[in-house]
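Trainee:
Residue numbers (the numbering used here), protein chains in the order written: chain A, -18 to 217; chain B, 849 to 1054; chain C, 142 to 605.
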């Protein structure tokens, strides 16, 4: 579970659980997990990122797959953990194994679960924003769209430059707030062009950034939703 | 120790670590396979980049083609040419042609071409006593005479041809792909920046 | 060049408010991004080509000393003189000495970013030479006394009205408002300079070790004029610019123009080898090649070495959403955008450019388009790490990181902080300003958390 979901939108976590359970998976959420280490890693604090990577590897040691409702956290584990331990003969193998069985949620569902009926339903038009890490580190692009295409009631309309960064970038969004807001502004304009009822993405960071900018610009109508929320729908 | 020796020593030192870092034997890039008929491909690409392509059957028809071209654009029947081309019957086409390096006031420059590259629609010109570089550079109009048999597929093939014919490189190899241009102002492409405003290729033979 | 990267935030902020600049930046998508994409689609296998280009550049760096020596031998044999400069000052001194020895008065210049690195123009002018930039963009900047804002399109920040005003004032001619007419006027003004210059200075896109040649990719023709007409040609290039063979250059030639401007090839590609030969009717009598180190050899054999593969196409900045919003001047040195965020700290001082490697969302658009696959985001992250190790980041940030790291390794503490933060943020919801988050709240509302954390809710539902 990602830190932002834990703090801001637990329902995304439960939506992910529902999707995985519907797909027939037995899901555990290790209690002691904290952060994957990405904020420190991207700040240049590699030692603490390594410590957290090993902590995470221990906690998920018994899981066949590790599924993350975020392309950026999944990318951290899949792509960057092996880099962090490239010269560490003791832990390299364990971290590589963890990386190899870690997947972003929609990627996992498309790859391993034969999803026929989705629990969710959305009446209206959706537009999908490609979150950067998922897109460029893990190749998440076709997977969420394939799932959304199966969602009853929903119609997907593409926004221009869907793959352009929304400006979140973790601490960047606060350190370089003006630039970040300007980037989010362009994203909001692209969303606005589609006239969609909701913008959907696979990373909560982007969603918070986009939502914050939309609301500040006076748009109180466009829904801002995580792909898991849309696909899983409201709980019974 | 000179600057040269210090720089090279630093480079060599760093590389004791480095030489093992890369695996060798990466697959060499295979240039795109040549089309069976290169002339149409060359013509299409050259035209796309703003060159004009005229066709004649025989080298002896070139002067008349040049005369017609100059008349069409209402240009005086005068040109500077590569010494290599002076033997063509220019005066029969009522053209005043001088063989020399170009000067600022030359309006039309006539050159040959060592070969041309179909992949990009590019002329390849080699400098030399018979082929001065300024003729394709200073005049407003550049007219190049190109034998259709001298069109090759890629730049790699062109280099192989230079090695085979000349061994070493001349002072200047100039690849020309259309009229000079700039997009510096508002990224708007404008032809005729500092070099020729028009490039015309007379393709000789089939 | 004077470095002003310390003012990054202030300049970026001003750039965001500059409506004229924002209008100019709005052209980037169609003129650079879309054109590059279209040009790449012409190629049968872009990935294989990028891999080949990467391998060529890596091979050149692996045996750089041998290729440099080979280049020097071949260039010397063709009649050129090769000079070695350890620093920008050395390069400036060497070129001044050449100009003095040849009794040069007027110098025409073709566009070269390395000479911007050296601030060569200012130096030569101080030494009493007349220096004329001849690339249209660089010429405009010379008239305006401004630095370039882009390595390929140096004057992209100006519109034609500004250029018209500048020409009217400096050329003392009637105002022209049409782009073609402005280009024509610059041609008329500059042509006599080419004809009367004693020396032409160019950069080099590649140095060919096999033949000792300088390879130039240009569109305007000024590069050809500056290296053909004056009796002395000086080419200056970083030592990393060498490639082994002409065939290697042919591979790179498929990528450089496509990556830079979306052209399948630039209008002119010139391979210049030595001086005027016996019987030649034109060409320079003297050719000097200045090989500049200026910090490059220090990167070899380190984690920063991949940066030396750079072929200066500018695709990274064209595709960078930060650059697309603020333009190039905010970066404060020669090279803007992602490549500048790596090169500026390395060449001009890590302590003078702390913002640059941090002002990136790590979106990876630059890495995805780099023709020689430089892992720009990894290099920026490594520079952030060096900043931390050297104590260059604010103490608030350092303590924040330390506290986060401490807490994240203690699940109970972490869970408690998350709980407290969720409740606090919920209570503060609706405020348009929050302490510590003022840069966020300047342009965005603060999102409201649900109230309880996932962890709490999950425990309720799955009691042990």
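Cβ atoms here follow ideal geometry from the backbone N, Cα and C, with glycine treated the same way.
Check each residue of the segment 295 to 326 of chain C: if its Cβ is closer than 9 Å to any Cβ of chain B, include it; give the result in chain order.
Mentor: Against chain B - using a Cβ distance shorter than 9 Å - the residues of the segment 295 to 326 of chain C are 295, 296, 297, 299, 300, 301, 304, 320, 321, 323, 324, 325.
Trainee: How is the alpha helix (DSSP H) around residue 928 of chain B delimited, first residue to last?
Mentor: Not the alpha helix (DSSP H): residue 928 of chain B falls in the beta strand (DSSP E), residues 926 to 929.
Trainee: Cutting at 8 Å between CB atoms, please list the residues of its own chain near residue 304 of chain C, excluding the five before and the five after it.
Mentor: Closer than 8 Å at Cβ, skipping near neighbours: 281, 296, 323.
Trainee: Hey, does residue 932 of chain B have any beta-carbon neighbour from chain C nearer than 7 Å?
Mentor: No, its Cβ sits nowhere closer than 7 Å to a Cβ of chain C.
Trainee: Between residue 189 of chain A and residue 579 of chain C, what straight-line distance do the alpha-carbon atoms span, to the nearest angstrom?
Mentor: Taking the straight line joining both Cα atoms gives about 16 Å.
Trainee: How should residue 991 of chain B be labelled, buried or exposed, when 16 other C-beta atoms within 10 angstroms of its C-beta is the threshold for buried?
Mentor: Residue 991 of chain B is buried by the Cβ-count criterion.
Trainee: With residue 964 of chain B as the anchor, note down where its beta strand (DSSP E) starts and where it stops.
Mentor: Residues 963 to 965.
Trainee: How would you list, in chain order, the residues of chain A whose beta-carbon sits under 7 Å from the beta-carbon of residue 337 of chain C?
Mentor: Result: empty, since nearest Cβ-Cβ is about 46 Å, beyond 7 Å.
Trainee: Who are the neighbours of residue 10 of chain A on chain C, taking C-beta pairs under 7 Å?
Mentor: Residues of chain C passing the Cβ test: 599.
Trainee: Flag this pair as touching only if the segment 163 to 183 of chain A and the segment 198 to 210 of chain A have three or more C-beta atom pairs under 8 Å; answer yes or no.
Mentor: Yes, they touch.
Trainee: With a threshold of 7 Å between beta-carbons, can residue 877 of chain B be considered close to chain C, or not?
Mentor: Yes, its Cβ sits closer than 7 Å to a Cβ of chain C.
Trainee: If you compare alpha carbons, which of A:42, A:-5, A:-3 is closest to residue 14 of chain A?
Mentor: Taking only the C-alpha atoms, the option nearest residue 14 of chain A is A:42.
Trainee: How many angstroms separate the CA atom of residue 506 of chain C from the CA atom of residue 497 of chain C?
Mentor: If I take the Cα positions, the gap works out to 17 Å.
Trainee: Counting only Cβ-Cβ distances shorter than 7 Å, please list the residues of the segment 66 to 100 of chain A near chain C, keeping chain order.
Mentor: Those would be none; no residue qualifies.
Trainee: Just to make sure I have the definition right: I need the residues of chain C whose C-beta is within less than 9 Å of the C-beta of residue 203 of chain A. Which are they?
Mentor: Going along chain C, no residue has its Cβ under 9 Å from residue 203 of chain A, so there is no contact; the nearest lies around 13 Å.
Trainee: Considering only residues of the same chain and omitting the five flanking positions on each side of residue 290 of chain C, which have a CB-CB separation below 8 Å?
Mentor: Within the same chain, residue 290 of chain C has close Cβ partners 296, 297, 298, 468, 469, 470, 477.
Trainee: So if I threshold CB-CB distances at 7 Å, which residues from the segment 544 to 561 of chain C count as touching chain A?
Mentor: For the segment 544 to 561 of chain C, which is checked against every Cβ of chain A, the residues closer than 7 Å are 545, 546, 549, 550, 552, 555, 559.
Trainee: Using only the alpha-carbon positions, how far apart do residue 912 of chain B and residue 940 of chain B sit?
Mentor: Those two C-alpha atoms are separated by around 8 Å.
Trainee: Rounded to whole angstroms, what's the CA-CA distance from residue 19 of chain A to residue 40 of chain A? Just pull it up for me.
Mentor: Their Cα atoms are separated by approximately 17 Å.
Trainee: Flag this pair as yes or no: are the beta carbons of residue 928 of chain B and residue 946 of chain B separated by less than 7 Å?
Mentor: Yes; because the gap between Cβ atoms is below 7 Å, this pair is in contact.
Trainee: Can you tell me which of B:995, B:924, B:884, B:888 puts its alpha carbon nearest to the alpha carbon of residue 955 of chain B?
Mentor: Taking only the C-alpha atoms, the option nearest residue 955 of chain B is B:924.
Trainee: Going along chain A in order, which residues have a C-beta closer than 8 Å to the C-beta of residue 632 of chain C?
Mentor: What the structure shows of chain C is the stretch from 142 to 605, and residue 632 of chain C is not part of that stretch, so it cannot be assessed.
Trainee: Between the Cα of residue 996 of chain B and those of B:881, B:917, B:889, spot the shortest distance and give me the residue it belongs to.
Mentor: The residue with the shortest Cα to Cα distance from residue 996 of chain B is B:889.
Trainee: Determine the DSSP secondary structure at residue 225 of chain C, reduced to helix, strand or coil.
Mentor: Of the three classes helix, strand and coil, the one that applies to residue 225 of chain C here is strand, per DSSP.
Trainee: Taking the straight line between their C-alpha atoms, what separation do you get for residue -13 of chain A and residue 187 of chain C?
Mentor: Cα to Cα, the separation comes out at about 41 Å.
Trainee: The ligand GDP and residue 342 of chain C: does the residue's C-beta get closer than 6 Å to at least one heavy atom of that ligand?
Mentor: As presented, the structure is devoid of all ligands, the ligand GDP included, so that no description of it is given.
Trainee: With 7 Å as the threshold, decide whether the Cβ of residue 580 of chain C is near any Cβ in chain A.
Mentor: Chain A, which has a Cβ nearer than 7 Å to the Cβ of residue 580 of chain C, makes this yes.
Trainee: Which residues of chain C have a Cβ atom closer than 7 Å to the Cβ of residue 206 of chain A, listed in chain order?
Mentor: None at all; the shortest Cβ gap to chain C is about 13 Å.
Trainee: Using only CA atoms, which one of C:485, C:360, C:225 lies nearest to residue 448 of chain C?
Mentor: Among C:485, C:360, C:225, the Cα nearest to that of residue 448 of chain C belongs to C:485.
Trainee: Which same chain residues end up closer than 6 Å to residue 350 of chain C when comparing Cβ atoms and leaving out the 5 residues on each side of it in sequence?
Mentor: Same-chain partners within the cutoff: 208, 211, 212, 383, 385.
Trainee: Would you kindly report the start and end of the unbroken beta strand (DSSP E) that includes residue 903 of chain B?
Mentor: Note, residue 903 of chain B: beta strand (DSSP E), 900 to 904.
Trainee: Alpha carbons only, please: which of A:210, A:209, A:162 is nearest the one belonging to residue 582 of chain C?
Mentor: Closest option to residue 582 of chain C, Cα to Cα, is A:162.
Trainee: Please confirm if residue 956 of chain B has its CB atom under 7 Å from at least one CB of chain C.
Mentor: No, its Cβ sits nowhere closer than 7 Å to a Cβ of chain C.
Trainee: With a threshold of 7 Å between beta-carbons, can residue 210 of chain A be considered close to chain C, or not?
Mentor: No, no contact with chain C.
Trainee: Give, in chain order, every unbroken run of the alpha helix (DSSP H) that is at least 4 residues long and sits entirely within the segment 428 to 477 of chain C.
Mentor: Entirely contained in the segment 428 to 477 of chain C, the alpha helix (DSSP H) runs reaching 4 residues are, in chain order, 437 to 440, 456 to 459, 462 to 467.
Trainee: Cα separation between residue 84 of chain A and residue 480 of chain C?
Mentor: Approximately 31 Å between the Cα atoms of the pair.
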